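Everything below concerns the one structure shown next.
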Amino acid sequence: MTATALPSGLPMLTLHDGRATLTLNRPAHHNRLHAEDLLALQRHFDALAADPGVKLLVLTGTGRSFCPGFHIGDFDAEPAAGGVAPLAGPHLFEQTVDALEALAVPTVCRLNGSVYGGATDLALACDFRVGVTGMALRMPAARLGLHYYPNGLRRYVSRLGLATAKRLFLLAEDVSADQLLALGYLDRLVAPDRLDVEVQTIADALAAGAPLALRGMKASLNEIARGE
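Residue numbers for the sequence shown follow the numbering used here, so the first one is 8 and each next one is one higher.
Written out as structure tokens, the structure is:
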């Protein structure tokens, strides 16, 4: 696989020495996700799954924020010429995050800033999350009148516990970076100027592992978390 540059605004995939980086690319809108972004992410996940040379994936964003989630205006969008709009909404988002979780290679979320809504689940689907001081998280589904999709709720409960999942979903409160570390949402919390170094440290450790063992243990651990 070679580096892939997509039209402006869509997620960008690059690959160097077996390490893939997938970058959300709408900085003017804090990297909010539209239906076409989700479809592009799915295509990238398929390409990564088909490439035996890929050792790991880093997911990140451009600009000051990681991502505010799915663009709520797309929930009621009229069908477009390409037929994207009928797929928009919770089902497509759930499908996309599930595909990320199902990737065989280890995944690291490089949280370059705050994260909201469905993007909190996108990060949670990764194996590791590295955040920066000053970031925050909010899950506003209850305030917006949205019943969150089942697999997202499962991920929250299996990774963070029922009490934390209820706090984040039902109270819809802002959660600080320090709290996210204490709750286990973040694996590492660093100053913004140390983010790349910390992500690189984790990536180096993963790249040094035996690929088949890493993939096998990741799959088994995820199956245990799902109760399979």
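The beta carbon of each residue, even a glycine, is placed where N, CA and C say it ideally should be. These figures come from a predicted structure and were not determined experimentally.
- When only Cα atoms are considered, lysine 173 and alanine 232 end up about 18 Å apart.
- Going by DSSP, histidine 51 is part of the alpha helix (DSSP H) stretching over 42-57.
- Beta-carbon to beta-carbon, phenylalanine 73 and asparagine 119 are separated by about 6 Å, close enough to satisfy the 8 Å threshold.
- Here arginine 150 is exposed. Its C-beta has fewer than 16 other C-beta atoms within 10 Å.
- Secondary structure of methionine 19 (DSSP, three-state): strand.
- Between the beta-carbon of threonine 69 and that of threonine 114 there is about 18 Å, and that puts the pair past the 8 Å contact cut.
- Judged by DSSP secondary structure, phenylalanine 135 falls outside any alpha helix (DSSP H) and instead within the beta strand (DSSP E) spanning 135-139.
- Put simply, of Ala111, Ala109, Thr127 the residue whose alpha carbon is nearest the alpha carbon of arginine 117 is Thr127.
- Going by C-alpha positions, leucine 17 is about 23 Å away from phenylalanine 135.
- Given a length threshold of 3 residues, each whole run of the beta strand (DSSP E) inside the region 193-229 is given here in chain order: 195-197.
- Burial check for proline 75: the Cβ neighbour count within 10 Å reaches 16 or more, so the residue is buried.
- Cβ contact annotation for leucine 129 (same chain, cutoff 6 Å, sequence separation greater than five): Val104, in chain order.
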